[in-house]
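> This is the structure, below, for whatever I ask next.
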Amino acid sequence: MSAQLKQPVGSLLYGQSWDEYRAIKALNNSTLKHIDVSGAHYQENLRNPTETDALRLGIAAHCLVLEPRRYDKEFAVWRRRGESGSSAPRRGQHWEAFVRDWPGRTIITEDQETDALTMQSAIYRCKEAVEYLSFGDPEVTMQCLMHGRSFKGRLDWLTKLGSAIALVGIKTAADIRLDGFSRAAARLLYHCQWALYFDLYEAITGVRPVEVVEIVVEKSPPNDVVVYVIGDDVLKVGRAKYLELLQKLDQCERDNQWPGVAGGAGKQIFALPSYMYDDEIYA
């Protein structure tokens, strides 16, 4: 790709807040992946993007690990407890007053803050993770014109190994073992994100990253950490997948049709997963 570049087709932006990044009007992996479910799901996400508790926890953990100095400026912690001792519901007059008191802040619960701090400590204790995080730039925004579209992406961490570029991500997971995390990665289309970020960085800079790395931390105790190096075979599969999704999006836009999961068929024949079928049953 880099040999074909005659001039930059995008930019790297440093120091952007999460809100500034979200305000950029461009296609990203988090939006594109919804077309894999259906055109209707893609359109619904555009109309009503959601910010889940899991996303807020992830953002808080990223900030504490990568930009701890910004944490107190960008987050407000809901510490109110109910009679049972659990976090009070985020509704009613107390909640509304709290939101008014902290405009522009990402609000997380006290339990979420505790989880984020625990994950921060776990990552800092992992020497393999620290080797990547000891030098570099956090939350680097990429903007680029590629495949005829305006794209954006947000690198968790950009660093160098000597003179070689490494793109580093941080993710939380219920199961960080290779088998469990690989299944989750396939389901959540992480491989598309890895390939897309690789391609965006190369298209913008003309420099081919040497490594794509994901630091994965358990969501619950013992909050174990593993560092996965993403191989070229995974990037190849991810690239094929995101290009497939782009073709699907192109088709929906050309036809101005955004079908649901059934694709207009109304009904389908149900089948169990293939591993559930025993050949002896049909012998």
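The sequence shown maps to residues 772 to 1054 in my numbering. For each residue, glycine too, the CB sits at the ideal point set by N, CA and C.
Give me, in chain order, the residues of the same chain whose beta-carbon lies closer than 6 Å to that of A945; leave out the 5 immediate sequence neighbours on both sides.
Contacts found: K990.
> When burial is assigned at 16 or more other CB atoms within 10 Å of the CB, is D886 buried or exposed?
Flag for D886 reads buried.
> Starting from the Cα of D882, find the closest Cα among S892, L828, V997 and give me that residue.
Of the candidates S892, L828, V997, the one whose C-alpha sits nearest the C-alpha of D882 is L828.
> Could you check whether the segment 941–955 touches the segment 807–817, counting it as contact only if at least three pairs of C-beta atoms, one from each stretch, sit closer than 8 Å?
They do not touch, by the three-pair rule.
> Please report the straight-line C-alpha distance between H962 and H812, rounded to a whole angstrom.
The straight-line gap from Cα to Cα measures roughly 20 Å.
> How far does the beta strand (DSSP E) with V987 in it extend, from its first residue to its last?
V987 -> beta strand (DSSP E) spans 982–989.
> Assign Q778 to one of three DSSP states: helix, strand, or coil.
In this prediction, Q778 has a pLDDT of 49, which is less than 50 and means its spatial position is unreliable; nothing more can be read from the coordinates.
> Within this structure, are the beta carbons of E985 and Y999 separated by less than 8 Å?
Against a cut-off of 8 Å, the Cβ pair of Y999 and E985 comes out as a contact.
> First and last residue of the alpha helix (DSSP H) that includes Q1018?
Its alpha helix (DSSP H) spans residues 1003–1026.
> For E845, which residues of its own chain have a beta-carbon under 8 Å away from its beta-carbon, when the five flanking residues on both sides are left out?
Excluding sequence neighbours, E845 sits near S788, W789, C834, R876, T877.
> I'd like to check one pair, V988 with I894: are the Cβ atoms closer than 8 Å?
Yes. Within cutoff.
> Please report how far the alpha carbon of R852 lies from the alpha carbon of P860, in whole angstroms.
C-alpha separation (whole angstroms): 8 Å.
> For the segment 862–939, list the alpha helix (DSSP H) runs that are entirely contained and at least 4 residues long, ordered along the chain.
List check, alpha helix (DSSP H) in window: 863–872, 881–896, 898–904.
> Measure from the alpha carbon of L1020 to the alpha carbon of each residue in N800, V780, Y792, I795, then state which is nearest.
When only C-alpha atoms are compared, the closest one is N800.
> For the beta strand (DSSP E) containing A847, name the first residue and the last one.
Its beta strand (DSSP E) spans residues 846–849.
> State buried or exposed for M1047, treating a residue as buried only when at least 16 other CB atoms are found within 10 Å of its CB.
With fewer than 16 other Cβ atoms within 10 Å, it is exposed.
> Nearest CA to the CA of K1012: which residue from L803, N816, L971?
Nearest option by C-alpha distance: L803.
> Applying the criterion that 16 or more other CB atoms from any shown protein chain within 10 Å of the CB defines a buried residue, is F922 buried or exposed?
That one is buried.
> Who are the Cβ neighbours of L837 in its own chain at under 8 Å, not counting the five residues just before and after it?
So the qualifying residues of the chain are L904, P909, E910, D927, W928, I941.
> Taking Cβ to Cβ, would you say Q1058 is nearer than 8 Å to G781?
Residue 1058 is absent from the model: the chain starts at 772 and stops at 1054.
> So the beta strand (DSSP E) V996 belongs to, where does it begin and stop?
Where V996 is concerned, the enclosing beta strand (DSSP E) stretches over 996–1000.
> Expressed to the nearest angstrom, what Euclidean distance is found between the alpha-carbon atoms of G907 and V901?
So the alpha carbons of these two residues sit roughly 11 Å apart.
> Hey, how far is the Cα of R818 from the Cα of T976?
For R818 and T976, the distance between alpha carbons rounds to 33 Å.
> Since L783 sits in a beta bridge, which residues does DSSP pair it with?
DSSP output for L783 lists M913 as bridge partner(s).
> Just to confirm, are A966 and L1006 a CB contact at a threshold of 8 Å?
In this structure, L1006 lies closer than 8 Å to A966 by Cβ.
> DSSP on T976, reduced to helix/strand/coil?
The answer is helix: DSSP assigns T976 an H, G or I state.
> Can you confirm whether L929, when its beta carbon is compared against all beta carbons of chain C, has any partner nearer than 8 Å?
Any reference to chain C falls outside this structure, which holds one protein chain only.
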